[in-house]
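Heads up: the structure comes next, in structure tokens.
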Amino acid sequence: ETGVTQSPTHLIKTRGQQVTLRCSSQSGHNTVSWYQQALGQGPQFIFQYYREEENGRGNFPPRFSGLQFPNYSSELNVNALELDDSALYLCASSYPGQNYGYTFGSGTRLTVV
Amino acid sequence: AQSVTQPDIHITVSEGASLELRCNYSYGATPYLFWYVQSPGQGLQLLLKYFSGDTLVQGIKGFEAEFKRSQSSFNLRKPSVHWSDAAEYFCAVGVGTNAGKSTFGDGTTLTVKP
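Going line by line, the protein sequences match chains W and P.
This note's numbering applies: residue 1 is where the first sequence begins, and numbers increase by one.
This note's numbering applies: residue 1001 is where the second sequence begins, and numbers increase by one.
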């Protein structure tokens, strides 16, 4: 099992800029979820992609968007960055079906200044 | 909407002592429940999960958890803590059968004294 790889590990952006975070899942993991983890809090669900289509979204504005690609990679895009977007962004992927657990990446630490 | 409460923000135990981390959930149907562990700067690792059946579930690293529907709880236990167990622990409830849309608690930080 090769796991889930996220890049970059750390990133500093200026308020108002746009950012793209990347996640590479292992082969066969066609379901990927993205979470935002603010300091001192638990992860919050942003959205999920299944077979390249969005499959549910949490309470996040449209400036948070995503893509999933046929090669089991995915992206999280955030436009018009705000200071409150500073957080650890985690992706988690799984095989389809309820009996499979999700494998989390180590995250991207985004700092907005 | 579902929610998860972890009442203890920080717990300190001595190495070799037993451990219980509390988790209470709110969910309208049969919950799918999870415990994860997160070491500093790392992602989350699944310790164990409850979908149905036996209410006492065994996980990795010697952890177990008991689902109590009447108390809406899913407490995590370990009989003897090791120094390497120091980390942050998160309880989560899945949305329906979809573990990838989980709602997490705010975590409990475990410190292990030598």
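Cβ coordinates follow ideal geometry from the N, Cα and C atoms, glycine included.
Keep in mind that this is a model prediction, so the values were computed, not measured.
Residue i CB to nearest chain P CB: under 9 Å?
i, result
"Ser74/W", "no"
"Leu39/W", "no"
"Val4/W", "yes"
"Glu1/W", "With a pLDDT of only 46 at Glu1/W, under 50, the local geometry of the prediction cannot be trusted, and the value read off the model is given with reservation. Closer than 9 Å: no."
"Ser94/W", "yes"
"Phe45/W", "yes"
"Thr111/W", "no"
"Phe104/W", "yes"
Ends of the beta strand (DSSP E) at residue i?
i, result
"Gln1038/P", "1032-1038"
"Lys1113/P", "1108-1113"
"Glu75/W", "73-78"
"Trp34/W", "31-37"
"Gln6/W", "5-7"
"His1082/P", "Unbroken run through His1082/P: none, as it is neither H nor E."
"Ser1052/P", "Unbroken run through Ser1052/P: none, as it is neither H nor E."
"Ile12/W", "10-13"
"Ser65/W", "64-68"
"Gly40/W", "From DSSP, Gly40/W is part of no beta strand (DSSP E); its letter is neither H nor E."
Classify residue i as helix, strand or coil using the three-state DSSP reduction.
i, result
"Ile46/W", "strand"
"Leu81/W", "coil"
"Gly107/W", "coil"
"Arg1069/P", "helix"
"Phe1104/P", "strand"
"Ile1011/P", "strand"
I'd like to know whether the C-beta of residue i is nearer than 9 Å to at least one C-beta of chain W.
i, result
"Gly1053/P", "no"
"Tyr1025/P", "no"
For residue i, does the count of other Cβ atoms within 10 angstroms reach 16, so buried, or fall short, so exposed?
i, result
"Lys1068/P", "exposed"
"Val1037/P", "buried"
"Glu1020/P", "exposed"
"Trp34/W", "buried"
To the nearest whole angstrom, what separates the beta carbons of residue i and residue j, a pair I think is in contact under 8 Å?
i, j, result
"Gly105/W", "Leu90/W", "6 Å"
"Ser1102/P", "Ala1087/P", "The pair is not a contact, with the Cβ atoms about 18 Å apart (cut-off 8 Å)."
I'd like to know if residue i contacts chain C, where contact means its C-beta is closer than 9 Å to some C-beta of that chain.
i, result
"Gln48/W", "As a matter of chain content, chain C is missing from the structure shown, whose protein chains are W and P."
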